[in-house]
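Numbering (this note's numbering), first residue to last: 403 to 650.
Dropping the structure here:
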């Protein structure tokens, strides 16, 4: 399967999140690659779901927070071996050649709720097979994505600063957080690494700023579509802003 595939009850064997930093001179080439490379990425062997994404610093959403020198790809693979071979394919080889820095997270789905572009790309990892596994004790990665209703964008954007301030100033903090999006507005998401599932739950459900946003999304119907997925962080390759991602 490729692209926005129909839901599979089985989770993908591997999910990768790649982040490339490029030089200022390479920005025009990157913009062209984003415009033309989505289908190429989705057609790689073994790809169940793939998205090329713009990024921001994890402290804002919208065009004003976009970082045109950093781009990302989130890919769900039915077979891990296909991900290992994909660097030799043009869809990824071009990004790797352009990059001055690359980070790759290798992820295993733990739970997933909601949909992305009408599909459920990470299957049902918390189903019967998942329930038989021992609980994951290591670092976790949270992926959120929402399609904000046009009439609710201003409300949504106004709520972001309080959440991001709380994210970085109080209680457990993520080891890394990146804002991602398929467009400068309306199609928004985050990818964040946490030392443990407990620290992620502490932020998501017990801190007031984020709890208020959760309530507003329901009461004010901000989203036309949303997804929240949690992954085991199996491996980290490369660096982000010149530093390796710290692991607990």
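Beta carbons are placed, not taken as given, at the ideal position from N, Cα and C, and that holds for glycine.
Small disclaimer: the values here were computed from a predicted structure and weren't measured.
Residue i versus residue j - alpha carbon distance
i, j, result
"residue 630", "residue 422", "23 Å"
"residue 642", "residue 440", "23 Å"
"residue 489", "residue 498", "8 Å"
"residue 628", "residue 551", "11 Å"
"residue 437", "residue 614", "36 Å"
"residue 389", "residue 594", "Only positions 403 to 650 of the chain appear in this structure, which leaves residue 389 out of reach."
"residue 445", "residue 555", "33 Å"
"residue 496", "residue 429", "13 Å"
"residue 434", "residue 482", "28 Å"
"residue 459", "residue 644", "15 Å"
"residue 590", "residue 607", "20 Å"
"residue 510", "residue 485", "13 Å"
"residue 478", "residue 567", "31 Å"
"residue 588", "residue 638", "30 Å"
"residue 534", "residue 412", "Because residue 534 carries a pLDDT of 46, less than 50, the predicted location of this residue cannot be relied on, and no value is offered for it."
"residue 538", "residue 601", "13 Å"
"residue 532", "residue 517", "Any reading at residue 532 must be qualified, since the residue scores a pLDDT of 47, below 50, and its modelled position is unreliable; the value itself is stated next. C-alpha separation (whole angstroms): 19 Å."
Residue of the options minimising C-alpha distance to residue i
i, options, result
"residue 424", "625, 503 and 553", "503"
"residue 596", "577, 586, 417 and 646", "577"
"residue 450", "469, 418 and 431", "418"
"residue 563", "612, 446 and 516", "612"
"residue 571", "618, 559, 605 and 553", "605"
"residue 618", "561, 589, 601 and 644", "561"
"residue 508", "484, 420, 487 and 586", "420"
"residue 620", "585, 637, 548 and 448", "548"
"residue 448", "553, 517 and 487", "487"
Reduced DSSP secondary structure (H/G/I, E/B, other) of residue i
i, result
"residue 565", "helix"
"residue 683", "Past the edges of the chain, shown from 403 to 650, lies residue 683, and the structure says nothing about it."
"residue 490", "coil"
"residue 448", "coil"
"residue 538", "coil"
"residue 431", "helix"
"residue 552", "helix"
"residue 420", "strand"
"residue 519", "coil"
"residue 497", "helix"
"residue 467", "helix"
"residue 614", "helix"
"residue 472", "strand"
"residue 415", "coil"
"residue 572", "coil"
"residue 619", "helix"
"residue 484", "helix"
Assumed close pair residue i, residue j - CB separation to whole angstroms, cut-off 8 Å
i, j, result
"residue 592", "residue 603", "About 16 Å; that fails the 8 Å criterion."
"residue 472", "residue 426", "Not a contact, Cβ separation roughly 12 Å."
"residue 640", "residue 476", "Not confirmed; about 16 Å, so no contact."
"residue 480", "residue 414", "6 Å"
"residue 545", "residue 599", "14 Å between Cβ atoms; not a contact."
"residue 493", "residue 443", "4 Å"
"residue 500", "residue 452", "No, residue 500 and residue 452 are not in contact; Cβ-Cβ is about 18 Å, not under 8 Å."
"residue 586", "residue 474", "In fact, because the Cβ distance is near 15 Å, the residues do not count as touching under 8 Å."
C-beta contact flag for residue i and residue j at 8 Å
i, j, result
"residue 540", "residue 635", "yes"
"residue 527", "residue 514", "yes"
"residue 512", "residue 649", "no"
"residue 456", "residue 583", "yes"
"residue 692", "residue 557", "Outside the shown range of the chain (403 to 650) lies residue 692, about which nothing can therefore be said."
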